[in-house]
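Remarks on the structure that follows.
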């Protein structure tokens with residue numbers, strides 16, 4: 001069965017420090033991978049996605065994630081966080097064939113401490 | 115271009131009532147999906163519509179239903195509301211799975 005695991009429910013980090021939010025998935029078929037961010041009282045915003053090609057993908061606001069097929073991981077990283085990065089981050093997977101729905105992890109609450 | 119629009123943003127209903135939520139996808143997107151978000155269960159897939167046909171359905175009771183119109187706009191309906199239906203309901207539109215999904219701001223439903 002397919003599943004997405006976000007190992008950390010909460011991650012506190014000081015401003016300008018690096019951060020890594022972990023995501024592992026389980027699937028018997030090829031997948032597309034996504035990271036979404038959710039600010040309070042808002043919907044989900046796409047941060048970045050892996051569809052194919054280069055295993056390292058980047059967002060416009062300094063986040064990056066690397067697809068590791070052998071470890072079935074898609075960890076999210078940022079070298080230097082800002083207060084404005086405080087939010088909930090969700091890792092999600094969908095399958096390249098078959099159902100067209102997202103399967104989400106339980107989310108990681110990132111809190112940036114001034 | 116305009117994003118995914120969900121109406122209303124907030125809704126308060128009484129147990130036993132029914133409710134209809136609306137979603138207008140990004141122009142050109144034919145796939146519309148619905149998700150329920152609660153603190154206890156997280157984000158769960160409800161159903162997906164593509165070109166007016168339900169293409170996929172999550173594990174929710176029959177009280178939850180939806181439809182899609184010819185202009186790709188979608189509605190979801192919940193009948194005989196229960197307290198546990200209180201949640202943020204999110205709509206997402208996409209071209210296809212490989213192009214990613216754009217979410218609306220959601221409808222916050224409170225059942226009292």
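Chains as they are written, first to last, in the numbering used here: chain G, 1 to 114; chain V, 115 to 226.
Here a beta-carbon is modelled for each residue, glycine too, at the ideal position from N, C-alpha and C.
As the structure is a prediction and not an experimental result, all values here were calculated from the model.
Across the segment 37-65 of chain G, CB contacts with chain V closer than 9 Å involve 38, 41, 42, 43, 44, 45, 46, 49, 51, 52, in sequence order along the chain.
At the C-beta level, residue 222/V and residue 202/V come within 7 Å of one another. In the three-state DSSP reduction, residue 209/V falls in the coil class, being neither helix nor strand. Between residue 186/V and residue 137/V, the C-beta spacing is not below 7 Å.
Residue 23/G: not part of any beta strand (DSSP E); DSSP gives it neither H nor E. The Cβ neighbour count for residue 75/G, taken over all protein chains shown within 10 Å, is at least 16; the residue is labelled buried. At a cut-off of 7 Å, the C-beta of residue 204/V has a neighbouring C-beta in chain G. Cβ-Cβ distances below 6 Å link residue 78/G to 19, 62, 63 in the same chain, with the five nearest sequence neighbours on each side left out; the list follows chain order.
Listed in chain order, the positions of the segment 166-183 of chain V with a beta carbon within less than 8 Å of a beta carbon of chain G are 169, 170, 172. Closer than 7 Å to the CB of residue 104/G there is at least one CB belonging to chain V.
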